[in-house]
Amino acid sequence: MSEQRINRMKDLPSTHLLGTGTPMCSGCGGLEALHQIYDVLGEKTVFVNAAGCMTLLSVYPFTPFRGSWLYTAMASAPAGAQGVRDALDILQQRGDMGPQEDLDVVVLTGDGSAYGMGLSATSAAMDRGLDFIYICYDNEGYGNTGQQSSSATPHAAITSTSGGSRGYPGYKKDLFSIWAAHRPAYVATVIGSEPLDLARKIEKARELKGSRMIIALAPCPTGWAYDPKDSVEIGRLAVKTGVWPLKEYIDGQLVHTRIPRERAPVEEYLRLQGRFAHLFTPATNTAMIAEIQARVDRYWDEVV
Amino acid sequence: MPPTLLTGNAAAAWGARLAEVDYVPAFPITPQTEIIETLGGWLDGGLMPGRMVTLESEHSMLTAAGAAAATGVRVFSATSSQGLLYAMEMLYTVAGWRAPFVLVNVSRGLSAPITLEADHNDILAARDSGFLQLHCADCQEVLDSVLLAYRLAEDPQIRLPVLVNLDGFYLSFTREPVSLPEVEEVRKFLPPFDPMGIRFTASAPESQAVAVLGGGPYSYFRYETHLAALNGVAVYEQVAAEFTTLFGRNREAVESYRTDDAEVVFYMIGSFATKAREAVDRLREAGEKVGLLRPRLLRPFPASLIATALTGKQGVIVIDQNLSVGHGGILHTELLACLYGRPGAPPVVTSFIGGLGGRDISPQEFYHMVTVTRQAISSGTVPPPRLLYTAAELREVRKLQAIATVEREETAPGRKAADDTGAVQETADE
Ligand SMILES: Cc1ncc(C[n+]2csc(CCOP(=O)(O)OP(=O)(O)O)c2C)c(N)n1
Ligand code: SF4
Ligand SMILES: [Mg+2]
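This is the structure we're talking about:
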């Protein structure tokens, strides 16, 4: 593995490779992360996409990508990556393609696909040690179909299929651990509001071989019901409150890349989002907020 | 080389080996598994170059197959029944990518009830997907069809994936003499894969399978696919003629067996057509002017070839080894649509459902179908579709039901069994 080149904010690439004018919502936290990721990965890539909001990035005849793109289906983007990777290897082995023509194969899916429908295809890709990068932008619901709850939806969040005064009754699935249990080359969480941490992890992933798995928490003004201008703030609060731990799994080791010493109360994060408004109006639901806080505290108690 | 005894599955594997495929995404399912095991053995033993990868489902298998073809290598894969249906979303998808490759389907009836034996509901469920379809009647044809399928798939006027169908058990596990062409001969017929426009490389970035907005572009691309598929009839005929020149075997899009002076013609696909051929010979000996018409190419549908072959016939007997539940036989429906309004179209087309779940069709039943059709011709009244089913079979099912009833009475006394609402009538004497 080569030396890490991105060490400070001023080392961040300022290329802005990904084109603008896409149909993503303004303030889309997934797109924010993708811009940064693409700047690090570059155009020698083929993005293999599953059904979700980002499918609309490439609408005939336009694409914001300077490199390649293949849309597959909701369940099987990692299998598409397998086919592309194997074919690129075969062409090179046969001498029909020079190594300078090679591409990094990058899967791009939402949480609905990553945590649910595509999990079996992802698991199998890791079993086979597929040499690829997986980017999951996690907006905690089926965004493209109107933000129904997925298995990435956090407890108590209102979605189009979990309304009422209690919100989503389930708990966000721990995909990071599920992925790490496969012992792939690399697993990391990132968020667009922490660009240095994100770029360092993507750079690390790029330099490794094997399955490199990234989950980007993707604040989603449309699905989470907040003002688009607050996306960065909400992202920062997700980290400051400890709701979104920034971590990586590498060489069998779990490392937290940012440990918030003084964690802000989760309330600060929840209060900004319409999907949690029922926790504050008409009356503050202290019990449920306390429960959410307790889960976050328990997580960090085990870390430190 | 003298013919070798091969199962239909081994013949399919030989087709892939002789086509010098680069990539085989795989997933096991009876009765197809022997195909991928055979290829796996050859790949592991260094007897053929290429790479095989076992996916975790047929849905993924088809995704990987399409993606690899879209990256520029020659791809082969195989499945059956539940597997084909599990992959259904991707059949439509990769056809829309215009990714040329070959998928062998070993036909097997669909669940429920679950069975391992053959019928054509699986392959016919894929008929609207954009995959072209070749249907085989014997093991030699399986090998030949795989080679023909690559020529079709990769033709610049087509560029679509192709399904080659063989019947589970009847062909998959039956050994027949198959002559294996020399690889040099095959190379003359099938040159290396030319990916043409579709590839992913660093110097020529490509966006494939992107979304469209609105019905305008969607209709355009879907219909383009349709037009490309339709080119398949002429391309197939030309490719099959080349095949005959090189290998001496006739592989016409539609097999006509003793149809020239026939008054009544059997119309069917698949391995049971070999039983029909036999019945035609027996009936001819008895003075009956009958014949057999069997499409090898079912997609694109060679409508004018079929209509021409049937012009002036008195009657057609359609045997459907499938059932469109709530409607009837799929081949029957398609044939009627093809014949309607054509001058000289046969006035009588009878419909029989036979061979579901691998159920055999006996010579007596073939004779009986001719009798029924002759009666319809003379009376001018076409009988409703019928299931080929004997009194003995009905009796066997009744026995099973009796056992089930007794068992239930003993284990859960007083619980009522659901009444049998179907009215299955036997069609022939045993
Ligand atoms: C097999 C299948 N089922 C359902 C859909 C409909 N669908 C399209 S996008 C989507 C939501 C995907 O959610 P996620 O992966 O989280 O991506 P997001 O929309 O949030 O970006 C769904 C359910 C589909 N395209 N395919
Ligand atoms: S719904 Fe959310 S994730 Fe989807 S484009 Fe809009 S902001 Fe982004
Ligand atoms: Mg989502």
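Chains V and C, in that order, give the protein sequences. For the record, in the first sequence the residue sitting at position 208 is 250 according to this note's numbering, with numbers rising by one throughout. For the record, in the second sequence the residue sitting at position 103 is 1266 according to this note's numbering, with numbers rising by one throughout. A virtual CB, placed ideally from N, CA and C, is assigned to each residue, including glycine. Treat the numbers as computed from the prediction; the structure is a model and nothing was measured.
- Histidine 1490/C sits exposed, since fewer than 16 C-beta atoms from the chains shown fall within 10 Å of its C-beta.
- In the DSSP annotation of this structure, tyrosine 1503/C is not part of any beta strand (DSSP E), being labelled neither H nor E.
- Per DSSP, reduced to three states, the secondary structure at tryptophan 266/V is helical.
- Approximately 7 Å separates the beta-carbon atoms of isoleucine 177/V and alanine 258/V; this is inside 8 Å, confirming the contact.
- DSSP places leucine 98/V in no alpha helix (DSSP H); its state is neither H nor E.
- For alanine 1179/C, the enclosing alpha helix (DSSP H) covers residues 1171–1181.
- Comparing alpha carbon positions, the residue from Gly1395/C, Ser1274/C, Glu1339/C closest to glycine 1293/C is Gly1395/C.
- In the structure shown, histidine 298/V falls within a strand segment according to DSSP collapsed to helix, strand and coil.
- In terms of CA proximity to threonine 1242/C, Ala1176/C leads the group Leu1210/C, Val1236/C, Ala1176/C.
- Per DSSP, the continuous beta strand (DSSP E) segment holding valine 90/V begins and ends at 87–91.
- Taking a 10 Å sphere around the C-beta of glutamate 1497/C, we find 16 or more other C-beta atoms and assign the residue as buried.
- At a cut-off of 8 Å between beta carbons, leucine 1218/C contacts chain V.
- With a cut-off of 8 Å on Cβ pairs, the stretch 1374–1391 of chain C is not in contact with the stretch 1210–1223 of chain C, counting fewer than three such pairs.
- With three or more CB-CB distances shorter than 8 Å, the stretch 229–236 of chain V counts as touching the stretch 267–283 of chain V.
- Beta-carbon to beta-carbon, lysine 214/V and proline 196/V are separated by about 5 Å, close enough to satisfy the 8 Å threshold.
- Within chain C, the C-beta atoms nearer than 8 Å to that of serine 100/V come from Ser1370, Val1373, Ala1374, in chain order.
- Contact of histidine 1495/C with chain V is not assigned, every C-beta pair being separated by 8 Å or more.
- DSSP, reduced to helix, strand and coil, places threonine 1278/C outside both helices and strands of the structure shown, so it counts as coil.
- Distance from the Cα of glutamine 1303/C is smallest, within the candidate group Ala1288/C, Leu1334/C, Leu1287/C, for Leu1334/C.
- Chain order gives the chain V residues near valine 1236/C as Ala129, Ile132, Leu133, where near means a beta carbon separation below 7 Å.
- DSSP, read as helix, strand or coil, puts methionine 1215/C in strand.
- The contact set of methionine 1211/C on chain V, defined by CB atoms closer than 7 Å, is empty, because the minimum CB distance reaches about 13 Å.
- Residues of the stretch 69–97 of chain V with a C-beta less than 8 Å from any C-beta of chain C: Glu85, Lys86, Val88, Val90, Thr97, listed in chain order.
- DSSP places histidine 77/V outside any beta strand (DSSP E); the residue lies instead in the alpha helix (DSSP H), whose first and last residues are 71–83.
- Listed as beta-bridge partners of valine 1238/C by DSSP are Tyr1186/C.
- Spanning the alpha carbons of leucine 1499/C and valine 1512/C requires a straight line of approximately 8 Å.
- DSSP places tryptophan 111/V inside the beta strand (DSSP E), whose first and last residues are 110–113.
- The Cβ of arginine 170/V sits closer than 8 Å to at least one Cβ of chain C.
- Using beta-carbon distances, methionine 139/V counts as an interface residue toward chain C, with a partner under 8 Å.
- Residue contact check for tyrosine 1249/C against chain V: no CB pair falls below 8 Å.
- Residue-level contact by beta carbon fails for glycine 1377/C and chain V, as no gap is shorter than 8 Å.
- By the criterion of at least three beta-carbon pairs nearer than 8 Å, the stretch 1204–1218 of chain C is not in contact with the stretch 1241–1261 of chain C.
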